[in-house]
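In the working numbering, the protein residues as written are 185 to 635.
This is the structure:
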């Protein structure tokens, strides 16, 4: 966002306080700096073996290559030279044995691993935001299901993971260092699925989880163009550890016209990692807000709900909403950057004639102002709530032995001026206005399938 690149601290503070973009220009299709280019290459293969009629051994391998360049506004005609140029190689493999033990007990046991290498391409003239690094992880897991009768099923699972992170970077005194980080974590899950009636199902769960810190959370040091902010890591951060309880319900009327779902969740996370504002900083590339990766203990809870009504076979009315609350236990305040309450109403129509399907869906999404925020921490007050209108049109039909989908989606059709609380660019400018997307999907060998 060009308006996020500001020359001095006074202009930066004024731009954030005024609510008006510091830079505007006539509309053009040209993509100028600051900008980024990203290329993804993905390969995935899977093989399986059946030792008997019910068990199955599945081997999955995937490779992904990511080539990313970010271009900044640079002096002396150097804007064509990327300020960030990195290449990320990722290999993942998983071996899973799906089994039955007796007539009822069934589950999965498996191992998985990841090898990842990040390389910064020389020639940018800028210290990279994320250092060169290698990451290796390996884990073993077990999940078992035990049906007690036709309506009640118990499940339990456990996993053990180890991770090694090898970093190649420079410290504050420009000394070359090669630190290593090792993490070992374990997790468990317990659950029960109860089909109370033919139209009511409940699921209760208690599980633990963990997440080792990402290299960006440990060693970020510089300007992140994708968020227009300086980000600083903390190499002393440890793994996040969470204990969560959930309760999910699904119900439907006997005639199929009404259905709904309700989900409740609460969790306690020790060592929760997030970006905390740390003021402003003036650099040779301009003035930017500063965020530092910080860990704290957090309590979070919330709910999601959905109700669907089908008055006639061709029409569907859907109402949904969600809210989440978060408390920073270390600071005894509301947690920073928690999503605001939101609700949505959608009306859909679908018609199938022969092998061709046509569907139309209109939706209104309402987002409330986030007023549960830590006092005095953010650079500006949370933006007001907003409502957006969207429309989707989808045509699906067979083409020979294949099937083609053609769709068009319009977002923010009323061109509402709004800013989202979770969007870092909200400090500088409104979010996007009318946004139209045209897409096509070709499904090989799916001519007989309808949505």
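Even glycine gets a Cβ: it sits at the ideal position worked out from N, Cα and C.
If contacts are defined as beta-carbon pairs under 8 Å, then residue i and residue j qualify, I think. What distance do you get, rounded to the angstrom?
i: residue 608; j: residue 411; result: 4 Å
i: residue 259; j: residue 265; result: About 11 Å; that fails the 8 Å criterion.
i: residue 250; j: residue 279; result: Between residue 279 and residue 250 the Cβ distance is about 25 Å, and since that is not below 8 Å, they are no contact.
i: residue 509; j: residue 484; result: 7 Å
i: residue 594; j: residue 620; result: 5 Å
i: residue 568; j: residue 515; result: Not really, about 26 Å apart at Cβ, beyond 8 Å.
i: residue 534; j: residue 543; result: 4 Å
Given this structure, state the Cα-to-Cα distance separating residue i from residue j, to the nearest angstrom.
i: residue 425; j: residue 216; result: 42 Å
i: residue 345; j: residue 200; result: 43 Å
i: residue 415; j: residue 477; result: 8 Å
i: residue 213; j: residue 222; result: 19 Å
i: residue 461; j: residue 612; result: 16 Å
i: residue 482; j: residue 209; result: 43 Å
i: residue 281; j: residue 335; result: 26 Å
i: residue 351; j: residue 373; result: 33 Å
i: residue 491; j: residue 523; result: 21 Å
i: residue 409; j: residue 384; result: 48 Å
i: residue 488; j: residue 467; result: 43 Å
i: residue 441; j: residue 382; result: 15 Å
i: residue 456; j: residue 503; result: 32 Å
i: residue 349; j: residue 583; result: 49 Å
i: residue 628; j: residue 252; result: 31 Å
i: residue 332; j: residue 395; result: 33 Å
i: residue 512; j: residue 231; result: 46 Å
i: residue 189; j: residue 421; result: 30 Å
i: residue 365; j: residue 402; result: 10 Å
i: residue 198; j: residue 206; result: 9 Å
i: residue 527; j: residue 506; result: 6 Å
i: residue 418; j: residue 449; result: 30 Å
i: residue 603; j: residue 406; result: 25 Å
i: residue 398; j: residue 497; result: 48 Å
i: residue 368; j: residue 379; result: 37 Å
i: residue 319; j: residue 341; result: 26 Å
i: residue 263; j: residue 343; result: 48 Å
i: residue 445; j: residue 434; result: 4 Å
i: residue 235; j: residue 356; result: 57 Å
i: residue 308; j: residue 237; result: 57 Å
i: residue 196; j: residue 437; result: 56 Å
Could you pull out every residue in the same chain whose Cβ sits closer than 6 Å to the Cβ of residue i, ignoring the five residues on either side in sequence?
i: residue 297; result: 277, 322
i: residue 387; result: 377, 432
i: residue 428; result: 391, 451
i: residue 312; result: 304
i: residue 274; result: 248, 300
i: residue 654; result: Summary: the structure shown does not reach residue 654, with the chain confined to residues 185 through 635, and so no result is reported for it.
i: residue 338; result: 330, 376
Determine the contact status of residue i and residue j, defining contact as a CB-CB distance below 8 Å.
i: residue 255; j: residue 246; result: no
i: residue 430; j: residue 389; result: yes
i: residue 575; j: residue 589; result: no
i: residue 293; j: residue 269; result: no
i: residue 432; j: residue 447; result: yes
i: residue 545; j: residue 530; result: yes
i: residue 586; j: residue 626; result: yes
i: residue 556; j: residue 518; result: yes
i: residue 597; j: residue 573; result: yes
i: residue 330; j: residue 288; result: yes
i: residue 283; j: residue 248; result: no
i: residue 295; j: residue 327; result: no
i: residue 400; j: residue 314; result: yes
i: residue 261; j: residue 470; result: no
i: residue 480; j: residue 532; result: no
i: residue 241; j: residue 233; result: yes
i: residue 302; j: residue 290; result: no
Among residues of its own chain, excluding the 5 on either side of residue i, which ones have a beta-carbon nearer than 7 Å to its beta-carbon?
i: residue 463; result: 474
i: residue 229; result: 245
i: residue 521; result: 458, 606
i: residue 360; result: 354
i: residue 563; result: 200, 461, 473, 611
Which residues in the same chain as residue i place their Cβ atom closer than 8 Å to its Cβ, once the five residues preceding and following it in sequence are excluded?
i: residue 634; result: Because the pLDDT at residue 634 is just 48, under 50, the model does not fix this residue reliably, and the value given afterwards should be weighed accordingly. Excluding positions up to five away in sequence, the list reads 536, 539, 541, 580.
i: residue 571; result: 548, 549, 550, 551, 600
i: residue 185; result: 218, 412, 609, 612, 613
Beta carbon of residue i: closer than 7 Å to some heavy atom of the ligand NAD?
i: residue 426; result: The ligand content of the structure shown is nil, which means the ligand NAD is not present either.
Exercise for the section: Jot down the residue ranges of each uninterrupted beta strand (DSSP E) in the segment 444 to 519, minimum 3 residues, whole runs only, in chain order. Expected result: 470 to 493, 499 to 512
Exercise for the section: Would you mind listing the beta strand (DSSP E) stretches within the segment 315 to 402 that are 3+ residues and don't spill past its ends, in chain order? Expected result: 316 to 331, 336 to 354, 364 to 381, 384 to 395
Practice task
Only counting runs of 4 or more residues, tell me where the alpha helix (DSSP H) segments fall wholly within the segment 549 to 591, in order along the chain.
Solution key: none
Practice task
Write down every uninterrupted run of the beta strand (DSSP E) in the segment 281 to 321 whose length is 3 residues or greater and which is fully enclosed by it, in chain order.
Solution key: 289 to 304
Handout entry: Segments assigned alpha helix (DSSP H), at least 4 residues, entirely inside the segment 187 to 244
Key = 193 to 202
Exercise for the section: Report the residue ranges of all beta strand (DSSP E) runs contained in full by the segment 398 to 428; include only those spanning at least 3 residues, in chain order. Expected result: 405 to 408, 413 to 416
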